[in-house]
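Take a look at the structure set out below.
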Amino acid sequence: MALKDRVALGTVSGIAATVPPLILNWGFVKLGLVEYYSFQLSAGVFITKIMTETPSGMFLGGVVWESAAAFFGILIVYFINFTGKDYWWLKGIIIPIALIYILVFGFLFHIGAGHLHSHHLGTNFSLILENVLFGIITAFLAIHWGKGILYTEGSRQKH
Numbered sequence: 003m004a005l006k007d008r009v010a011l012g013t014v015s016g017i018a019a020t021v022p023p024l025i026l027n028w029g030f031v032k033l034g035l036v037e038y039y040s041f042q043l044s045a046g047v048f049i050t051k052i053m054t055e056t057p058s059g060m061f062l063g064g065v066v067w068e069s070a071a072a073f074f075g076i077l078i079v080y081f082i083n084f085t086g087k088d089y090w091w092l093k094g095i096i097i098p099i100a101l102i103y104i105l106v107f108g109f110l111f112h113i114g115a116g117h118l119h120s121h122h123l124g125t126n127f128s129l130i131l132e133n134v135l136f137g138i139i140t141a142f143l144a145i146h147w148g149k150g151i152l153y154t155e156g157s158r159q160k161h
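Under this note's numbering, read the sequence shown as residues 3 to 161, first letter to last.
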């Protein structure tokens, strides 16, 4: 598959890259290592804690989670396009850690923007791991699926 549009590339790469981290999150919750599902945390920005456990709450969390993944996928694609493909894996990590983990889970939750907060160390470490995995997979898919549309150091012009 080769995508010819950077926004579509970022959207598809970001959404596809959520699958392994969500499987990991599901396993961690089932093993009791993590307090909440990722979808619950994203739904908790908008609804109360008890509502995040309902099917409609989980659906809302899924929509929020996947929308954010698409947005951050687009950011990763444009960051790679702007800076070049070298160290793509590192560039993939920077966006989710800086923006998702620090800004959303750090700052916004600290000021009380959400209704569901995790003060569980295992959950917080899991979120870091999930975001790193998301960034690496998104960058990999963008490089793989974006052949011909991403800027490379050897070319004189951007596509």
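Glycine residues also receive a C-beta, built at the ideal position from the N, C-alpha and C atoms.
Distance from Gly137 to Ile97 at the Cβ level is roughly 6 Å; contact confirmed, criterion being Cβ atoms closer than 8 Å.
Exclusion of the five residues before and after Gly64 leaves Phe41 as the residues of its chain whose Cβ lies within less than 7 Å of its Cβ. As the crow flies, the alpha-carbon of Ala45 is around 6 Å from that of Thr54.
Glu37 and Leu101 have their C-alpha atoms spaced approximately 22 Å apart. Residue Leu43 holds the alpha-carbon nearest to the alpha-carbon of Thr125 among Leu11, Leu43, Val14. The count of Cβ pairs closer than 8 Å, one atom from the segment 137-151 and one from the segment 24-33, stays below three, leaving the stretches out of contact.
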